[in-house]
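Below is one structure; the comments refer to it alone.
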Amino acid sequence: MKAFIENMPKAELHVHIEGTLEPELSFALAKKNNVSLPFDTPQALIAAYDFYDLPSFLKIYYAGMSVLIEEDDFYQLTWDYLAKAASQNIVYAEIFFDPQGHTIRGVAFDTVIKGIRRAQCDAENKLGIRSQLIMCFLRDMSAESAMEHLKLAEPYLDWLVGVGLDSDEFNNPPIKFKDVFALARKWGLKLTMHCDVNQKNTLEHIRQVLEEIEVDRIDHGVNALESDELCELIKSKGLGLTVCPVSNQFVVQSLTSGEIRDMLKRGMKATINSDDPAYFRAYLNENLIALQQEGDFSRSELKTLMANAFSVTWLPESDKRAYLDRLEQYYA
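Mapped onto my numbering, the consecutive letters of the sequence shown carry residue numbers 91 to 422.
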């Protein structure tokens, strides 16, 4: 089963590029950019990854960004992820980035997006892995800051496929960003938002993303299973849910294999993703392997999860069909 998972052609739809910053690259960039880290070795940094909820993770996550300063840093970060993804037979990825996490440190928006874009183009040409970029807003910052960053992105709309919302959900409901997402929609961008696991007012937040923001996809969203009405709404809209098993484990001490199977039984389009693989020490293959072991998922179920991923990508229908045909040929 491990080989079946590893060799399967895959899509990843929920991965934060800043969350792919491996400790070794972090140390190399710190040295290059003269940034001091509070750890002596990459191993010591890994040992400090002691997360127990979303805020405790975010504290370390944002501290890690401090080494990313020059365009080449963002290039290397993105190249390393895409090379790793290609080695895991990921053929297509939709990648989040958090520009506000960099601009508040004095790094120009242009520096961030140009470095990422250059690596995307090189990886497609040299490694054959295709990717698109989703710009995320930090929900614990103001709606005004989000709007400002959306406008900074206007010259680069051709480089973006969509916008998202992440960071600390506590007292930061989706509706706070309604005007920002309405403008993004007007500009032709797809919409997604994080509905993290077991957050305050989670069902109300899921309702808002469905009915008031009218997203095209939901990131995480596991708590929707607590409401048959929300599940039916998600299913009727044909929305994908980008579930992250190993990430979930840090919050609910489970890979949520039971919940993922429940989604499949309900006909909901659950997909499997790595979220922040450098921090959770698990890329997409490791997530799938761990999920299969915990939930005893069959080959057919694993194929369904991956077919869901390709079908809810933000690609033209003809491209989706080509990837789905490739998956069918592999399964046959």
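From the three backbone atoms N, C-alpha and C, an ideal C-beta is built for every residue, glycine too. This one's a predicted model, so the numbers in the text were calculated from it and none came from an experiment.
- According to DSSP, residue 362 shares a beta bridge with 333.
- Between residue 370 and residue 402, the C-beta gap is not smaller than 8 Å, which leaves the two residues out of contact.
- DSSP places residue 251 in the uninterrupted beta strand (DSSP E) bounded by 250 to 256.
- Looking from the CA of residue 360, the closest CA among 406, 373, 310, 240 belongs to 310.
- Fully contained in the region 294 to 338 are the following beta strand (DSSP E) runs of length 3 or more, in chain order: 307 to 310, 330 to 333.
- Selection 277, 281, 265, 306 evaluated against residue 292 yields 265 as nearest (Cα-Cα).
- Note on geometry: alpha-carbon atoms of residue 393 and residue 420 lie some 10 Å from one another.
- Remark: fewer than three beta-carbon pairs, one from each stretch, lie closer than 8 Å, so the region 144 to 155 and the region 402 to 412 are not flagged as touching.
- At the C-beta level, residue 413 and residue 101 come within 8 Å of one another.
- Counted as a single uninterrupted DSSP element, the alpha helix (DSSP H) harbouring residue 201 occupies residues 199 to 217.
- Check the Cα spacing between residue 125 and each of 160, 313, 199, 175: the tightest is with 160.
- Counting along the chain, residue 224 sits inside no alpha helix (DSSP H); it lies in the beta strand (DSSP E) bounded by residues 220 to 228.
- Membership of residue 117 in any beta strand (DSSP E) is not indicated; the residue belongs instead to the alpha helix (DSSP H) covering 113 to 123.
- In the DSSP assignment, residue 138 falls outside any beta strand (DSSP E), carrying neither H nor E.
- In the DSSP assignment, residue 283 falls within the beta strand (DSSP E) that extends over 280 to 285.
- Residue 343 counts as exposed, since fewer than 16 other beta carbons sit within 10 angstroms of its beta carbon.
- Apart from the 5 residues on each side of it in sequence, residue 397 sits with its Cβ closer than 7 Å to the Cβ of 414, 417 in its chain, given in chain order.
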